[in-house]
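Written out below as structure tokens is the structure these notes cover.
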Amino acid sequence: MAEIGKIVLNSGWLAARSTDIELTGEQLTTTHPPSGPSSPWMNAVVPGTVLGTLVENKVVPDPFYGLENKEIVDIADSGREHYTFWFFTKFECKLAVNQHVDLNFRAINYSAEVYLNGHKRDLGRGMFRRHSIDVTDILSPEGQNLLAVIVYPPDHPGRIPPKGGQGGDHEIGKDVAAQYVEGWDWMTPIRDRNTGIWDEVSLSITGPVKIIDPHLVSSFFDGYKRAYLHTTLELENRSGWVAECSLKIQVTTEVENSICLV
Amino acid sequence: EHLHTQHLSIPPGARVQYSFPELFFYKPNLWWPNGMGEQSLYNITIATDVEGFGESDMWDHLFGFRKIESYIDSATGGRLFKVNGQPIFIRGGNWILSDGLLRLSKKRYETDIKFHAAMNFNMMRCWGGGLAERPEFYHYCDVNGLLVWQEFWITGDVDGRGDPISNPNGPLDHDLFLLCARDTIKLLRNHASLALWVGGNEQIPPDDINAALKLDLRLHPSFGNDNGNGRV
């Protein structure tokens, strides 16, 4: 059974260009999962970008060596579908009674659809936001789960003017995304505009009550002699009954290697 | 004093906000920027047990007791900083990201940030055209005493300047910008190194975004200046 806590999903990912895959997300995560890194699937870098995956698999050269960036097709010329990729992985997770699990994406650029065991969930737009999906009800009872994510590039990837320039044609600024990706005075244009699952993917397993976004603040009195720690958090009860909880806060400091003072 | 347990009843399906009674510390070890003292960090653990179930969730974070103030100096027009009441001479560097392909490994953050500390820097500015940096970045800034000046994603791409002319009113979806901003704040707000939020790169965001950010990031009234009880 799963232990309470976080499991990071940062290995075993595969990726493929969406135009090379004729299967649907439902099929990929039920009857027709990819068997391994054989064409058109390749080992994927997650977290990372589509371009990072292509570089890792030597499909394109590393853009940060010499003038090799020029060898990589820019999204303005290729179209957005060229850098629209499927990502796929499997994970084990078997819950005990009254346990719950969230699938967390700490950041995706720029939008995505998630399929888990044939069930679809949409993720909203925006490069700098976390997504958390309660997948308790769609986990496989056998424990082996199939996860596929199709990731779309920014809506406005823009075009790089012949002479380059600060932010290219500025189209990327229409989206909520990093703006250096059309090139800047210190940076070549990033050909996929950083499309991808670019930050941590994880599962968080909890019981009926989940802790959400604690906020810690200190205040000081008498010339820093007296200090107070103020802590606010949110709690979500996912059960169908009144949860009687004990909520505990503990502050420790490490005095010496692994010896802590409470 | 530094361990507190509270009983709560949470209705089914409810999401509630809760504040612990404040915890008292006498002369806590303060967190100082690089070159001014130790980067003392306390481990805060919050856990909840549910009757009839057991441990339900747990969260922990390294927390530094520090107070960071900044203001614009009327004589020079420059921004001055104080940490724990002490003025600090800022030796800063501009930071965009550690790799254009977002190969943002912990090891790379650790190495790069340690290198900045070894250069005797005490602040890094995360440029508005790049990333809201990741928790791993902030962790190593906490540990190495690098203050962080974090900008939101407003540059010349969204202010009507440039050739061709950029969109003059920021990103198209202001609500999405604010959703991302609020989520980013929640992700990073507990880091000791986080010193200053800035609307964008060398400019002010569109009026509605700027007003919303200022409102969301305003100091809570309880944390104002000395109100006669010795509060710093």
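For the protein sequence lines, the chains are A and B, in the order given. Here the first sequence is numbered in my numbering, starting from 1 and rising by one per residue. Here the second sequence is numbered in my numbering, starting from 1001 and rising by one per residue. Ideal Cβ placement from N, Cα and C applies to all residues, glycine included.
Annotation: residue 82(A) has no Cβ neighbours in chain B at a cutoff of 7 angstroms; minimum Cβ distance is about 17 angstroms. Of the residues assessed, residue 1123(B) falls on the buried side of the cut-off, its CB having 16 or more other CB atoms within 10 angstroms. Pairing residue 214(A) with residue 1134(B), the inter-Cα distance amounts to about 17 angstroms. When Cβ pairs closer than 8 angstroms are counted between the two stretches, the segment 126–139 of chain A is seen not to touch the segment 33–46 of chain A, the count staying below three. Contact annotation: residue 134(A) and residue 204(A) have beta-carbon atoms that are not nearer than 7 angstroms. For residue 1143(B), there is no enclosing beta strand (DSSP E); the residue is part of the alpha helix (DSSP H) that begins and ends at 1135–1144. By the criterion of a C-beta distance shorter than 8 angstroms, residue 226(A) is surrounded in its chain by 220, once the five residues flanking it on both sides are discounted. Boundaries of the alpha helix (DSSP H) harbouring residue 1187(B): 1174–1188, taken from the DSSP string.
Under the criterion of beta carbons closer than 8 angstroms, residue 138(A) and residue 156(A) do not qualify as touching, at roughly 33 angstroms. The beta-carbon distance between residue 1194(B) and residue 1138(B), rounded to whole angstroms, is 7 angstroms. This is short enough to meet the 8 angstroms contact definition. Take the alpha-carbon of residue 1210(B) and the one of residue 93(A): they are about 43 angstroms apart. 7 angstroms or more divides the Cβ of residue 1084(B) from the Cβ of residue 216(A). For residue 65(A), not one C-beta of chain B is nearer than 7 angstroms to its own C-beta. Less than 7 angstroms separates the beta-carbon of residue 246(A) from that of residue 1007(B). Residue contact with chain B for residue 174(A): present (Cβ-Cβ distance below 7 angstroms to some residue of chain B). The bridge partners DSSP lists for residue 1087(B) are 1082(B). Within the segment 1008–1034 of chain B, the residues whose Cβ lies closer than 8 angstroms to some Cβ of chain A are 1008, 1009, 1010, 1011, 1012, 1013, 1014, 1015, 1016, 1017, 1018, 1019, 1020, 1022, 1023, 1024, 1025, 1026, 1027, 1028, 1029 and 1030, listed in chain order. Look at residue 214(A) here: in three-state DSSP terms it is strand. From the beta-carbon of residue 43(A), no residue of chain B is found nearer than 7 angstroms; the closest lies around 14 angstroms away. DSSP places residue 99(A) outside both helix and strand once states are collapsed to three, so it counts as coil. For residue 1071(B), same chain residues with a beta-carbon under 8 angstroms away, outside a window of 5 residues either side, are 1079 and 1080 in chain order.
Closest by C-alpha distance to residue 1099(B), out of 57(A), 181(A) and 140(A), is 181(A). In the DSSP annotation of this structure, the continuous segment of the alpha helix (DSSP H) that includes residue 1212(B) starts and ends at 1207–1216.
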